[in-house]
Each structure stands twice: as C-alpha cells, then as structure tokens.
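The sequence shown: position 257 = 257 (full-length UniProt numbering), numbered continuously. For reference, the structure is listed below as structure tokens.
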Amino acid sequence: MYGKDSLALEEVQNTLMSKELKRKLELQEEGVGDGLLIRATHLRKDCPVLRNYNSKKVGNADVVLDGEDTDGYVSASVLTISKNGSKGVWIIDSGYSFDIYPNRSQFLSYATIKIGTVKLGDSRTCPILGIGTVMLNLDGGNVTKLRHVRHVPDIKRNLMSFAMMDQDGCSVKVENGMLKVIKGSTTVMTRVTRNGIYILNGSSAKNHVNATILDKNRSTMIWHKRLGHISHGCLKYLRKKGVFGKEQITDMDLFEQCVLRKSTKIKFGIGKCTSSNKLDYLHLDVWGLPRTLSRGGPRYFLTIIDVYTRYVWIHILKNKYDAFNKFKELRGMLETQT
Numbered sequence: 001m002y003g004k005d006s007l008a009l010e011e012v013q014n015t016l017m018s019k020e021l022k023r024k025l026e027l028q029e030e031g032v033g034d035g036l037l038i039r040a041t042h043l044r045k046d047c048p049v050l051r052n053y054n055s056k057k058v059g060n061a062d063v064v065l066d067g068e069d070t071d072g073y074v075s076a077s078v079l080t081i082s083k084n085g086s087k088g089v090w091i092i093d094s095g096y097s098f099d100i101y102p103n104r105s106q107f108l109s110y111a112t113i114k115i116g117t118v119k120l121g122d123s124r125t126c127p128i129l130g131i132g133t134v135m136l137n138l139d140g141g142n143v144t145k146l147r148h149v150r151h152v153p154d155i156k157r158n159l160m161s162f163a164m165m166d167q168d169g170c171s172v173k174v175e176n177g178m179l180k181v182i183k184g185s186t187t188v189m190t191r192v193t194r195n196g197i198y199i200l201n202g203s204s205a206k207n208h209v210n211a212t213i214l215d216k217n218r219s220t221m222i223w224h225k226r227l228g229h230i231s232h233g234c235l236k237y238l239r240k241k242g243v244f245g246k247e248q249i250t251d252m253d254l255f256e257q258c259v260l261r262k263s264t265k266i267k268f269g270i271g272k273c274t275s276s277n278k279l280d281y282l283h284l285d286v287w288g289l290p291r292t293l294s295r296g297g298p299r300y301f302l303t304i305i306d307v308y309t310r311y312v313w314i315h316i317l318k319n320k321y322d323a324f325n326k327f328k329e330l331r332g333m334l335e336t337q338t
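Below, the structure written as structure tokens:
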C-alpha cells in the first residue's frame, strides 16, 4: 500500500482483515486468548461481526456498538474472551467497580450474599452470588490478599479493579508496557501488557502461604531475594556449585530497583586549571551568610583569584546579586590598567 497516491476502501479492508487473520493465528499458536480488540469502519450490511453474532454465538463474545449509524456506516468494538487458559490469569482495568472471581472453591473466606448484578457490554446481566477474600500466590513468591471480591460464576475471567486498589491505599504507575502497584515504599505487584491488556499471573492460595508450589521461575526469584537481590550471573554460578540442590535457576527480568540500590557514586577526579598568561583564567567564589553580621551590614565575601599570578581580590557585599556588578567593575579596572 506504500507509494500509492490514492487508496480504495476495498484495499484498506483487505489489508486490515489480513493483518487481523495473521494476529489470530499467532495467538492460537501461542495459546493466548486473553483479548482481541478490533476496530473497523464499514457498511452495516457488510459487518462480519454482526453477521457472526446474529447467526451464532462464539465462546463469550461481547459486541458493543459505539454511537449511532452515520450514512449507513457503523464503528464496532469487539472484545473476544476465551475460556481456555483463564486459570491463574488476572486482568486489570479501570472499567470494573470491584474485583471479580468466578471460582467459588478458591475463596479463603466467603459469604453468600446476593448484592446485585454485573452488566456486560451487550446488555446481558450476570448475578453476584457472594463476596469474600481471595489469596494470590504471585510470580516471585509474593503473596497478596484481595478483599471484598465478588463471586460471579458467569464471567470466565478473573478481573481486578483500579478502584479497589485505590481503596486499599495503593498507587498505580504505568510505563514501558509494565504496570506497578505500589503501597508506601513497597511494590506490591507488577503486571505486563499482552495484546493491549495488563495481565497478572498468579494462582489462588486457599489454605496458607506455605501452600505455595514453587515452580522454576518462582524458585529463581525467591533465591534472588534471599541472597540480597544477587545478580543472575551469580545465581547461575551458585547453581553450578550445587548450592541450590535440585532446584533449577531460570532467566529473570532485570529490575530497576536492584540496579539503583547497588549503584555507587563515581568519584570526581581532581581538576587541573592551567594558564600561561595573566588574567586568562579567573576563579570567582561567593561566601556567606555568616551567623554574626558585621557592623556595616555586609553578609557576603567575593574572592577573585588569577590562576597564573595567584593574585587575589576580595570584595565585601551586602547582597549576593552584587557579585556580578563587582566583577564588571574589576574587569573595567583591569582593562584600563593593562
């Protein structure tokens, strides 16, 4: 399509459909069905979304139409959520009023209370059957507790709300494709973006923190923290020496906090100022405020040193902003005398 002076609507539609088909195939190969957002503008009668939706419902597809029809065109936003691979995956967004979890058996504490319904994008409603607490084992061995989680069995995804984090006193920072949840000076959890959706990988821990099942990645992060946030190269060296026994050490991400806390200040070298002629190089220094003022009221000293001759001029100032005027006076005097 590059290099053309004009484009036909059919060419644009074909290009968009081919790219979307390629993206679907990539998601199927990776086993990822977290979310797919399609935005296209076309004739309503030719809309493939409405045609498929009216003929049959595929999975849990919610169709939301934005705005009214304009000249026979419609803009459609489609969010397709798969049932596969949703276990242990949490999606965070500002569009939820509270945390939602569909699995009743994984609640740490639970109360059967019918407190309303959840309205979806296609105007369907799902009943809320209860409320409780869910304990999460996050990647890296951290454990966090989600309170006041709504039990909605009809929603096949685990949803986490910005509003609930704000109520818990947490702040959210988003940058470079990563979302960080911070409480005080501690980073509670981090999330990465996948297909434009922020994903948190964590399994529920119904019984206790010690029930955490350590996989390879989690074991690596635990040893990284136990050994004072040791580098990955040192972890591999200790693994070769058999320090960790049968536990495996895998690759891990580079954390900004680890780098900053281990960084040291570089020493400043001794500067050398050389001059071959008089008045080529001058040092100026302003000193003040003294604890005890002089009788005349001056509060600052201005020293001007010629590097070549080591000759010193000293001026007494009442205000710091008078230093530049004194320098101009000295310059004028030197220019008339040399």
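Note that CB positions come from ideal geometry on N, CA and C, so glycine has one too.
DSSP on residue i, reduced to helix/strand/coil?
i	result
tyrosine 321	helix
methionine 165	helix
glutamate 335	helix
valine 89	strand
tyrosine 237	helix
methionine 189	strand
cysteine 258	helix
arginine 310	coil
arginine 157	coil
Give a yes or no on whether the C-beta atoms belonging to residue i and residue j are separated by under 8 angstroms.
i	j	result
isoleucine 91	lysine 114	no
leucine 279	aspartate 322	no
serine 171	tyrosine 96	no
methionine 164	phenylalanine 107	no
lysine 241	valine 286	no
phenylalanine 327	isoleucine 316	no
methionine 252	histidine 224	yes
isoleucine 199	valine 118	no
Name the residue from the options whose alpha carbon lies nearest to the alpha carbon of residue i.
i	options	result
threonine 309	Thr274, Asp168, Gly95	Thr274
lysine 156	Arg104, Asn176, Asp168	Arg104
valine 134	Leu282, Tyr101, Tyr311	Tyr101
asparagine 277	Tyr311, Asn195, Asp166, Thr112	Tyr311
asparagine 176	Met164, Ile249, Val118, Glu256	Glu256
leucine 159	Leu136, Leu302, Met333	Leu136
residue 339	Tyr110, Gly121, Lys173, Thr117	With the chain covering only 1 through 338, there is no way to say anything about residue 339.
glycine 196	Ile316, Asp93, Lys320	Asp93
lysine 318	Ile230, Ile304, Arg295	Arg295
leucine 284	Thr292, Leu330, Arg299	Leu330
tyrosine 281	Leu289, Gly288, Lys272	Lys272
arginine 150	Thr187, Thr112, Thr336	Thr112
Bridge partners for residue i per DSSP, in chain order?
i	result
glutamate 175	Met178
lysine 19	For lysine 19, which the question treats as bridged, DSSP gives no partner whatsoever.
phenylalanine 327	None; phenylalanine 327 has no bridge partner.
asparagine 195	Per DSSP, none; premise fails for asparagine 195.
leucine 108	Its beta-bridge partners do not exist; DSSP assigns none.
methionine 135	Lys145
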